[in-house]
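Student:
Set out below in structure tokens:
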């Protein structure tokens, strides 16, 4: 009888202990098992368009055309046989800048946080740069020899590939592409002086040689970085920096007085802001 009671008490005690242990474990780990869901990223996929504005700084290398034209002009038969007091630079170059505005359109494909896309970008500019050198003539003649080159860059466009990474509502990106631009160039040489022969001044001489290239097409490449910021599901802001190198701008056969083809080099560094709409 005592053994039976001991067995019954032991069984009840083990049952209560097992029930309490299981309940405690359930309480500690919670009634529901936590299972993290997939990450959610802002959606940048699809087509988009926008308008933009900014500022571009340019470095222009005009090449040897104008100095070569001046050298050829000095070889002509002028009264007093004028000579320059020092040699002109072999290459003319200068810098400048202007505001610009334009538009863009593109398409994005998205894989979770990675965004790849292609975009066409157009900018209207009115950039004018002039490089000129004036060299005094050697005595006894009195006057100057002038070589000058100028550019009017009217517009340019890029076709570029973009790669970005979604960070909340921000899309930082890098870009690389093809660039095309349009510009007018003028290269000239001028000789203005008073010949002095035997100590006697002669009638003034004003000789000019000019080479003009209108609506010249340049080609090159572009690269840059930027960030798009999603304001709503359909509207975004943009800030970016772009570098453009036109590797050939106006390459032609030699003009009058030049010993090499006309081949101006144009480099642009641009910063701009934009407002875009997604579809």
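In the working numbering, the protein residues as written are 303 to 581. In this text, a Cβ means the ideal position worked out from N, Cα and C, and glycines have one as well.
(1) Report the residue from 362, 353, 531 whose alpha carbon sits nearest the alpha carbon of residue 426.
(2) Can you tell me which of 466, 381, 373 puts its alpha carbon nearest to the alpha carbon of residue 444?
(3) In terms of residue numbering, what span does the beta strand (DSSP E) encompassing residue 532 cover?
(4) In whole angstroms, give me the CA-to-CA distance for residue 566 and residue 389.
(5) Buried or exposed: where does residue 530 fall if 16 or more other Cβ atoms within 10 Å of its Cβ makes it buried?
(6) Using DSSP's beta-bridge definition, name the partner residues of residue 485.
(7) Just to confirm, are residue 387 and residue 465 a CB contact at a threshold of 8 Å?
(8) Indicate the three-state DSSP secondary structure (helix, strand or coil) for residue 369 in the structure shown.
(9) For my contact list, residue 493 and residue 376 are in at a C-beta cut-off of 8 Å; report their separation, rounded to the angstrom.
(10) Go to residue 380, then tell me how far its beta strand (DSSP E) extends in each direction, as first and last residue.
(11) For residue 432, report the span of its beta strand (DSSP E) as first-last.
(12) When the Cα of residue 422 is compared with those of 550, 572, 524, 573, which residue comes out closest?
(13) Let me make sure I understand the geometry here. Which of 457, 458, 487, 476 has the alpha-carbon closest to that of residue 417?
(14) To which residues of the same chain is residue 385 closer than 7 Å at the C-beta, ignoring the five residues directly before and after it?
(15) On a Cα-Cα basis, can you pick out the residue from 469, 487, 535 that is closest to residue 568?
(16) So residue 401 is in the beta strand (DSSP E); what residue range does that whole segment cover?
(17) Note down, in chain order, each residue of its chain lying with its Cβ closer than 7 Å to the Cβ of residue 544, except the 5 sequence neighbours on either side.
(18) On the CB-based measure, 16 or more other CB atoms within 10 Å of its CB, does residue 551 come out buried or exposed?
(19) Which one or two residues does DSSP pair with residue 465 in a beta bridge?
(20) Around the C-beta of residue 536, are 16 or more other C-beta atoms found within 10 angstroms, so that it is buried, or is it exposed?
(21) Determine the direct distance from the alpha carbon of residue 467 to that of residue 410, and round the result to whole angstroms.
(22) Exposed or buried, what is residue 406 when buried is set at 16 or more other beta-carbons lying within 10 Å of its beta-carbon?
(23) Got a sec? Which residues, its chain only, sit under 6 Å from residue 514 by beta carbon, not counting five neighbours each side?
(24) What's the gap between the Cα of residue 509 and the Cα of residue 403?
Tutor: The structure says:
(1) 353
(2) 381
(3) 507 to 532
(4) 22 Å
(5) buried
(6) 455, 518
(7) no
(8) In the structure shown, residue 369 sits in a helix (DSSP, three-state: H, G or I).
(9) 7 Å
(10) Element bounds for residue 380: n/a, residue is neither H nor E.
(11) 416 to 438
(12) 524
(13) 476
(14) 439, 440
(15) 487
(16) Here the beta strand (DSSP E) through residue 401 covers 394 to 413.
(17) 524, 526, 572
(18) buried
(19) 418, 476
(20) Counting other Cβ atoms within 10 Å of its Cβ, residue 536 stays below 16 and is therefore classed as exposed.
(21) Whole-angstrom Cα-Cα distance: 12 Å.
(22) Result: buried.
(23) 488
(24) If you take the alpha carbons of residue 509 and residue 403, they lie about 40 Å apart.
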